[in-house]
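Here is the structure we will look at.
Numbering (this note's numbering), first residue to last: 98 to 159.
Next comes the structure, spelled out in structure tokens:
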């Protein structure tokens, strides 16, 4: 688990400012990480699709 994920998981219980102090990350970095979540999810989906295509292609070659 990343420090950013820890902050995200606990932000409903504690203040983001305090969580960031505890895990030693800048609040601005946390919010930048949080705003990039949709792009990360899309990249993971694309990577999974590519891995599936590679697996199919490698089975066809053999």
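C-beta: ideal position from N, C-alpha, C; glycine also.
Out of 154, 110, 131, 111, which has the shortest C-alpha to C-alpha gap to residue 101?
Here residue 101 refers to the residue found at position 4 when the chain shown is read from its first residue. For the options 154, 110, 131, 111, the alpha carbon positioned closest to that of residue 101 is the one of 131.
Work out the CA separation of residue 105 and residue 134 for me, nearest whole Å.
Locating residue 134 in the chain shown gives position 37, where the first residue counts as 1. Locating residue 105 in the chain shown gives position 8, where the first residue counts as 1. Cα-Cα distance, rounded: 11 Å.
Apart from the five residues just before and just after residue 114, which ones in its own chain have a Cβ nearer than 8 Å to its Cβ?
Numbered from its first residue, the chain shown carries residue 114 at position 17. Cβ within range, chain order: 124.
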